[in-house]
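Peer 1: Take a look at this one; I'll ask things after.
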Amino acid sequence: MSDSPSQQSLMFADLVGSTHMYETQGDAEALRIVTAVVEKLESLVQAQSGRVVKTIGDEVMATFPSATAAALAATAMMREMEHGLPGISVPLKLRIGFHHGPVLQAEDGDVFGDTVNTAARLVKLAKPGQIMTSSAAVEQFTQFFKDATRNLESFALKGKQDEFAVFELLWSEPENATILAGRNTVASMMASLTAGGRLQLSYPNGAFTLDSARPTARFGRSPDSDVVVDDPRASRQHAKIELRRDKFVLVDESSNGTFVRFDERGEILLRREEVVLQGNGCIAFGCSTRDAEGSVVVKFELA
Numbered sequence: 004m005s006d007s008p009s010q011q012s013l014m015f016a017d018l019v020g021s022t023h024m025y026e027t028q029g030d031a032e033a034l035r036i037v038t039a040v041v042e043k044l045e046s047l048v049q050a051q052s053g054r055v056v057k058t059i060g061d062e063v064m065a066t067f068p069s070a071t072a073a074a075l076a077a078t079a080m081m082r083e084m085e086h087g088l089p090g091i092s093v094p095l096k097l098r099i100g101f102h103h104g105p106v107l108q109a110e111d112g113d114v115f116g117d118t119v120n121t122a123a124r125l126v127k128l129a130k131p132g133q134i135m136t137s138s139a140a141v142e143q144f145t146q147f148f149k150d151a152t153r154n155l156e157s158f159a160l161k162g163k164q165d166e167f168a169v170f171e172l173l174w175s176e177p178e179n180a181t182i183l184a185g186r187n188t189v190a191s192m193m194a195s196l197t198a199g200g201r202l203q204l205s206y207p208n209g210a211f212t213l214d215s216a217r218p219t220a221r222f223g224r225s226p227d228s229d230v231v232v233d234d235p236r237a238s239r240q241h242a243k244i245e246l247r248r249d250k251f252v253l254v255d256e257s258s259n260g261t262f263v264r265f266d267e268r269g270e271i272l273l274r275r276e277e278v279v280l281q282g283n284g285c286i287a288f289g290c291s292t293r294d295a296e297g298s299v300v301v302k303f304e305l306a
């Protein structure tokens with residue numbers, strides 16, 4: 004056992020309905036599906052510098068160096084299940100819970116402590132398709148993720164003397180989601196807009212359209228980018244836009260972040276995060292859209 008605990012975010016991600024899947028799909032097919040899901044979750048943990056502590060049947064237990072890394076992994080997990088995995092036709096749902104705090108690590112890599120117990124209780128509170136977290140994690144979030152949380156009521160958690168404040172991390176726009184007035188959240192910015200099938204992009208040296216025939220565009224200093232951003236603040240592979248079903252998703256892959264301004268709806272900063280592009284606006288790479296003189300600003304408009 005380590006002599007002193009380290010501050011980490013501890014997550015449990017649980018595949019919902021696997022018992023029913025074994026009954027309806029048969030043992031071999033259900034095992035194939037569960038294995039594919041667990042492997043995908045493990046890869047998404049690793050993509051955010053996390054570590055898989057162990058897998059228990061259809062559940063993955065993982066640690067992350069920060070709450071934001073855990074949030075990025077959790078939202079990516081939910082989106083992957085929503086989009087579906089190759090070769091799997093049954094719907095997939097997760098419930099996720101994570102907490103940030105001191106964690107003790109044993110020599111074999113297992114982890115212990117109140118943070119682990121709290122995360123285990125949070126995942127049990129989550130409904131299918133829901134991410135539950137704590138105030139300790141929310142306090143560590145970047146502003147983007149702080150704005151994407153909503154404070155639920157306090158719950159009495161087993162082992163806790165006082166009621167425990169629980170937060171939901173919003174990763175999609177369900178029809179019954181409550182939009183919190185007066186906050187510059189992604190939810191409130193996007194609620195009244197609908198994605199289209201074509202995205203028109205224009206920049207100082209040209210223009211092109213993304214659609215089903217051309218579903219992806221890459222931006223950065225690399226000369227093989229679709230739009231080359233000759234600015235030292237930009238990364239070689241800075242960002243990309245990809246068509247996912249009927250939505251165009253902007254994904255930041257950079258060091259300095261990608262800034263997105265939705266016309267009349269304010270600007271947000273993505274740091275290793277992603278957002279659905281809706282309506283019209285502009286994108287800057289490594290600097291604010293308001294401080295992009297001499298750099299490339301890409302305007303977008305859904306058609």
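The numbering used here applies: residue 4 is where the sequence shown begins, and numbers increase by one.
Using N, Cα and C, we set each Cβ at its ideal position, and we do this for glycine too.
Note down, in chain order, each residue of its chain lying with its Cβ closer than 8 Å to the Cβ of Glu146, except the 5 sequence neighbours on either side.
Peer 2: If you number the sequence shown from 1, residue 146 lands on position 143. The question names Glu, but residue 146 in the sequence shown is Gln. Around Gln146: Leu272.
Peer 1: Going by DSSP, what residues sit across from Ile271 in a beta bridge?
Peer 2: For the purposes of this step, residue 271 is identified with residue 268 of the sequence shown, where counting begins at 1. Answer is Val263.
Peer 1: What residue range is occupied by the uninterrupted alpha helix (DSSP H) comprising Arg138?
Peer 2: For the purposes of this step, residue 138 is taken as residue 135 along the sequence shown, with counting starting at 1. Position check: residue 138 holds Ser in this sequence, whereas Arg was assumed. Residues Ser138 to Val141.
Peer 1: Could you tell me the alpha carbon to alpha carbon distance between Leu44 and Val63, rounded to whole angstroms?
Peer 2: In the sequence shown, the residue the question calls residue 44 occupies position 41. In the sequence shown, the residue the question calls residue 63 occupies position 60. So the two alpha carbons sit approximately 7 Å from each other.
Peer 1: Leaving aside the five residues before and after Asn259 along the sequence, list all residues of the same chain whose C-beta is less than 6 Å from its C-beta, in chain order.
Peer 2: The residue given as residue 259 occupies position 256 in the sequence shown. If we look at Asn259 and ignore the five residues flanking it on each side, its Cβ neighbours are Arg236 and Gly289.
Peer 1: Kindly identify the DSSP beta-bridge partner or partners of Cys285.
Peer 2: As a working mapping, residue 285 is identified with position 282 in the sequence shown. Answer is Arg264 and Lys302, bridged to Cys285.
Peer 1: Of the residues Leu213, Asp117, Leu97 and Ala151, which one's Cα is nearest the Cα of Ala129?
Peer 2: Indexing the sequence shown from 1 puts residue 129 at position 126. Taking only the C-alpha atoms, the option nearest Ala129 is Leu97.
Peer 1: Flag this pair as yes or no: are the beta carbons of Phe170 and Thr212 separated by less than 8 Å?
Peer 2: The count along the sequence shown starts at 1 and reaches residue 170 at position 167. The count along the sequence shown starts at 1 and reaches residue 212 at position 209. No, the Cβ-Cβ distance between Phe170 and Thr212 is not below 8 Å.
Peer 1: By DSSP, does Ser46 sit in helix, in strand, or in coil?
Peer 2: By 1-based counting over the sequence shown, the position of residue 46 is 43. DSSP places Ser46 in helix when its eight states are reduced to three.
Peer 1: What three-state label does DSSP hand His23 in the structure shown?
Peer 2: Taking the sequence shown and counting its residues from 1, the one referred to as residue 23 is at position 20. If DSSP states are grouped into helix, strand and coil, His23 belongs with the helices.
Peer 1: In whole angstroms, give me the CA-to-CA distance for Pro2 and Thr38.
Peer 2: Examination of residue 2 is not possible in this model, given that the chain is present from 4 through 306 alone.
Peer 1: Specify, as a first and last residue, the run of the alpha helix (DSSP H) that Ala79 falls within.
Peer 2: Counting from one through the sequence shown, the residue named residue 79 turns up at place 76. Taken as a continuous stretch (DSSP letters only), the alpha helix (DSSP H) holding Ala79 covers Ala70 to His86.
Peer 1: What does the Cβ neighbour count give for Arg217, buried or exposed, with the cut at 16 atoms within 10 Å?
Peer 2: Within the sequence shown, the letter at position 214 stands for residue 217. Classification for Arg217: exposed.
Peer 1: Taking only runs of the beta strand (DSSP E) that begin and end inside the segment 95 to 159, which ones reach a length of at least 3 residues, in chain order?
Peer 2: Counting only runs of 3 or more, we get 97 to 108, 133 to 137 and 152 to 158.
Peer 1: Tell me, to the nearest whole angstrom, how far the beta carbon of Met84 is from that of Leu95; I am working on the premise that it is less than 8 Å.
Peer 2: Residue mapping note: residue 84 aligns to position 81 of the sequence shown, counting from 1. Residue mapping note: residue 95 aligns to position 92 of the sequence shown, counting from 1. Contact flag correct, Cβ pair sits at about 4 Å.
Peer 1: Helix or strand or just coil, what does DSSP make of Glu32?
Peer 2: Along the sequence shown, read from residue 1 onward, the residue named residue 32 stands at position 29. Glu32 falls in the helix class under three-state DSSP.
Peer 1: Run through the DSSP bridge pairs and tell me what Thr219 is partnered with.
Peer 2: To locate residue 219, count along the sequence shown from 1; it is residue 216. DSSP, once it has assigned bridges, lists Glu245 as partnering Thr219.
Peer 1: Round the Cβ separation of Glu256 and Val263 to the nearest angstrom and send it over; I've been treating them as touching at under 8 Å.
Peer 2: Taking the sequence shown and counting its residues from 1, one reaches residue 256 at position 253. Taking the sequence shown and counting its residues from 1, one reaches residue 263 at position 260. Their Cβ separation, rounded to whole angstroms, is 14 Å, which puts Glu256 and Val263 out of contact at 8 Å.
Peer 1: Nearest-angstrom Cα distance between Ala295 and Phe222?
Peer 2: Start at 1 with the first residue of the sequence shown, and residue 295 comes out as number 292. Start at 1 with the first residue of the sequence shown, and residue 222 comes out as number 219. The alpha-carbon atoms of Ala295 and Phe222 are separated by roughly 15 Å.
Peer 1: Within this structure, are the beta carbons of Phe101 and Ala77 separated by less than 8 Å?
Peer 2: Walking along the sequence shown from the start, residue 101 turns up at place 98. Walking along the sequence shown from the start, residue 77 turns up at place 74. Yes, the pair counts as a contact, with Cβ atoms nearer than the cut-off.
Peer 1: With distances taken from CA atoms, which of Asn120, Val93 and Phe303 is nearest Val106?
Peer 2: Stepping through the sequence shown from its first residue, residue 106 is reached at position 103. Per the Cα distances, Asn120.
Peer 1: In chain order, what residues of the same chain lie with their CB nearer than 6 Å to the CB of Ala198, ignoring the 5 residues before and after it?
Peer 2: By one-based count along the sequence shown, residue 198 stands at place 195. Summary for Ala198: the model assigns pLDDT 41, below 50, so the residue's position carries little reliability; its value from the coordinates is reported in the next sentence. For Ala198, where only same-chain residues beyond five positions count, the Cβ hits under 6 Å are Asp249, Lys250 and Gln281.
Peer 1: Could you tell me if Asp266 is buried or exposed, where buried requires 16 or more neighbouring beta carbons within 10 angstroms of its beta carbon?
Peer 2: Within the sequence shown, numbered from 1, the residue matching residue 266 stands at position 263. By the 10 Å Cβ count, Asp266 comes out exposed.
Peer 1: Taking all protein chains shown into account, do 16 or more other C-beta atoms lie within 10 angstroms of the C-beta of Ile59, making it buried, or fewer, making it exposed?
Peer 2: On the sequence shown, residue 59 is found 56 positions in, with the first residue counted as 1. It is exposed - the Cβ of Ile59 has fewer than 16 other Cβ atoms within 10 Å.
Peer 1: Can you pull the DSSP bridge partners for Ala16?
Peer 2: Sequence index remark: in the sequence shown, residue 16 carries index 13 (1-based). In the DSSP output, where bridge partners are listed per residue, Ala16 has Val63 and Ile99.
Peer 1: Can you tell me where the beta strand (DSSP E) holding Ser205 begins and where it ends?
Peer 2: Counting from 1 along the sequence shown, the entry for residue 205 is found at position 202. Segment Leu202 to Tyr206, the beta strand (DSSP E) holding Ser205.
Peer 1: Ala65: buried (16+ other C-beta within 10 angstroms of its C-beta) or exposed?
Peer 2: Reading the sequence shown from its first residue, position 62 is the one you call residue 65. Buried: at least 16 other Cβ atoms inside 10 Å.
Peer 1: Determine whether the beta carbon atoms of Val299 and Cys285 lie at a separation below 8 Å.
Peer 2: Looking up residue 299 in the sequence shown gives position 296. Looking up residue 285 in the sequence shown gives position 282. Against a cut-off of 8 Å, the Cβ pair of Cys285 and Val299 comes out as no contact.
Peer 1: What does DSSP give as the partner residues of Thr212 in its beta bridges?
Peer 2: As a position in the sequence shown, residue 212 is number 209, starting the count at 1. Its beta-bridge partners are Gln203.
Peer 1: Just to check my reading of the structure: Ala70 and Gln143 have Cβ atoms closer than 8 Å, yes? What is that Cβ distance to the nearest angstrom?
Peer 2: Here residue 70 is taken as the residue at index 67 of the sequence shown, counted from 1. Here residue 143 is taken as the residue at index 140 of the sequence shown, counted from 1. Going by Cβ atoms, the distance from Ala70 to Gln143 rounds to 4 Å, so yes, they are a contact pair.
Peer 1: Please state if the CB of Gly53 and the CB of Ala72 are separated by a distance shorter than 8 Å.
Peer 2: Translated into the one-based positions of the sequence shown, residue 72 becomes position 69. Translated into the one-based positions of the sequence shown, residue 53 becomes position 50. Yes, these two residues count as a Cβ contact at 8 Å.
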